[in-house]
Amino acid sequence: MTGHAEVVQIVFDPTVISYQALLRLFWENHDPTQGMRQGNDIGTQYRSVIYTLNDTQKEAAETSRKQYLDALKSAGRNAITTEIKDAPPFFYAEDFHQQYLHKNPDGYCGLGGTGISCPGL
Numbered sequence: 704m705t706g707h708a709e710v711v712q713i714v715f716d717p718t719v720i721s722y723q724a725l726l727r728l729f730w731e732n733h734d735p736t737q738g739m740r741q742g743n744d745i746g747t748q749y750r751s752v753i754y755t756l757n758d759t760q761k762e763a764a765e766t767s768r769k770q771y772l773d774a775l776k777s778a779g780r781n782a783i784t785t786e787i788k789d790a791p792p793f794f795y796a797e798d799f800h801q802q803y804l805h806k807n808p809d810g811y812c813g814l815g816g817t818g819i820s821c822p823g824l
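Residue numbers for the sequence shown follow the working numbering, so the first one is 704 and each next one is one higher.
Here it is as structure tokens:
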């Protein structure tokens, strides 16, 4: 195992969209309770993880995780397994994985939210 995770690197303008709004999109658009998988994709590379660039981002991510965990618990769902860590060096995936669903409109994507809103963000 390499320890790598399949992730998306997001570059954003905080005058256009806030970090909190991005966190809300993160929580609501995948299932952060599945451990080392997303849908049918199983393995450590499919784990749920947020990589942060500074203490402010880390604190916001941890706060949002607690808020979403409370919402999930209220709905009778499992605990969040998402890791929150300092960002390591980013490596682009091979071309086959770049814009995968654009190139393969009928391709499989294991992402799916829980259907539970993330309050407070």
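Virtual Cβ for every residue (Gly too), placed ideally from N, Cα, C.
Range covered by the beta strand (DSSP E) that runs through residue i
i, result
"glutamate 786", "786 to 789"
Between the CA atoms of residue j and residue i - distance to the nearest angstrom
i, j, result
"arginine 740", "threonine 759", "28 Å"
"aspartate 744", "tyrosine 795", "19 Å"
"phenylalanine 793", "tyrosine 803", "18 Å"
"leucine 772", "lysine 761", "16 Å"
"leucine 726", "glutamate 797", "26 Å"
"cysteine 821", "glutamine 801", "28 Å"
"isoleucine 720", "phenylalanine 729", "13 Å"
"alanine 724", "serine 767", "10 Å"
Cβ shell of residue i (< 7 Å), same chain only, five flanking positions each side left out
i, result
"glutamate 840", "A question about residue 840 goes unanswered here, because the residues of the chain that appear run from 704 up to 824."
"glutamine 748", "His707, Ala708, Glu709"
"asparagine 757", "none"
"glutamate 731", "Gly816, Ser820, Cys821"
8 Å contact criterion, which residue i and residue j should meet: CB distance rounded
i, j, result
"tyrosine 754", "valine 710", "7 Å"
"isoleucine 819", "alanine 774", "5 Å"
"glycine 706", "glutamine 770", "At roughly 28 Å, the Cβ-Cβ gap does not stay under 8 Å, so glycine 706 and glutamine 770 are not in contact."
First and last residue of the uninterrupted alpha helix (DSSP H) at residue i
i, result
"tyrosine 811", "Per DSSP, tyrosine 811 belongs to no alpha helix (DSSP H) and is neither H nor E."
"tyrosine 754", "Element bounds for tyrosine 754: not the alpha helix (DSSP H) but the beta strand (DSSP E), 752 to 755."
"phenylalanine 729", "722 to 731"
"arginine 768", "758 to 777"
Residues near residue i by beta carbon distance below 8 Å, same chain, minus five either side
i, result
"histidine 733", "Gln741, Ser751, Leu814, Gly815, Gly816"
"proline 791", "Tyr754"
"threonine 736", "Leu775, Arg780, Asn781, Ala782, Ile783, Thr784, Thr817"
| query | So, do the region 711 to 721 and the region 797 to 809 have three or more beta carbon pairs nearer to each other than 8 Å? | reply | Contact between the region 711 to 721 and the region 797 to 809 is absent, because fewer than three Cβ pairs lie under 8 Å.
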